[in-house]
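Accompanying notes for the structure given below.
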Amino acid sequence: MALLTILQFPDLRLHKVAAPVDKIDASIRQIAKDMAQTMYAAAGIGLAATQVDIHQRIIVIDISEERNQLITLINPEILWASEAKKAWTEGCLSVPNIFEMVERPEHIRVRAQNLDGDFFELDADGLLAVCIQHEIDHLAGKVFVEYLSQLKQNRVRTRLKKQARRIVS
Ligand code: K1U
Ligand code: ZN
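Residue numbering for the sequence shown follows our numbering, beginning at 105 and increasing consecutively.
Laid out in structure tokens, this is it:
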């Protein structure tokens, strides 16, 4: 297993669109394992392959407090999203120390494949629904700060630049 490097916003590679996985083989299973290890090491609740510069439709998620309920979604697609929306505070391992409210559909149904290639459907609400939508956005090259007003996005960029300067000095 290996820890992967997480790309940091505004790295342009975060905006690449991920391709579908056509064969779920040993190399895909290894990527998913490494992604899970990277997510746990970074204390995140989700990670999309895009964030580790792998542009294939692979997501790992674990929202459990015990950190023992790993969900791997290969080729995830949202089948249905509720009209009802809810705002949650989101964070992102690619945008460190920035937490902002984003409004998204409250309930979703997702279809994906597991590591054996079997299709499954998942109904999600609450934090799981938020996290799945956030990760599927990454696969489309979208970072959560893009939901914010231009003014807030500029403030985020300024805060990230200041953080980076603090780390260097
Ligand atoms: O995509 C990522 O970078 C992972 C991200 C997932 C996420 C968290 C919160 C809302 C939507 C998506 C994180 O894990 S950020 C760090 C974190 O553990 C966290 C932040 C806020 C609330 C709960 C957890
Ligand atoms: Zn993220």
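Each residue gets a CB set at the ideal place from its N, CA and C atoms; glycine is no exception.
Inter-segment contact for the stretch 254-272 and the stretch 229-240 is absent: fewer than three beta-carbon pairs are separated by less than 8 Å. At a Cβ-Cβ threshold of 7 Å, L174 and R215 do not count as neighbours. In this structure T176 is in contact with V164, their Cβ atoms being roughly 5 Å apart against a cut-off of 8 Å. Boundaries around L226 are those of the beta strand (DSSP E), 223-228, since no alpha helix (DSSP H) includes it. In this structure the stretch 127-135 touches the stretch 206-224; the number of beta carbon pairs closer than 8 Å is three or more. The secondary-structure analysis by DSSP pairs R215 across a beta bridge with E181, E225. Boundaries of the beta strand (DSSP E) harbouring R208: 204-209, taken from the DSSP string.
Between the beta-carbon of V234 and that of F113 there is about 18 Å, and that puts the pair past the 8 Å contact cut. The Cβ atoms of S198 and L116 do not sit closer than 7 Å to each other. In terms of side-chain proximity, the C-beta atom of G195 is found nearer than 6 Å to a non-hydrogen atom of the ligand K1U.
DSSP, reduced to helix, strand and coil, places I135 within a helical segment of the structure shown. In this chain, the alpha helix (DSSP H) harbouring V260 covers 254-272.
Unbroken alpha helix (DSSP H) runs of no fewer than 4 residues, entirely contained in the stretch 119-167, are found at 130-145, following chain order. In this structure, the ligand K1U has no non-hydrogen atom nearer than 6 Å to the beta-carbon of G230. The beta-carbon separation of L243 and R161, rounded to 5 Å, stays under the 8 Å limit for a contact. In the three-state scheme derived from DSSP, where H, G and I count as helix and E and B as strand, I110 is classed as coil. A distance criterion of 6 Å places the beta-carbon of H211 beyond contact range of the ligand K1U, judged by its closest non-hydrogen atom.
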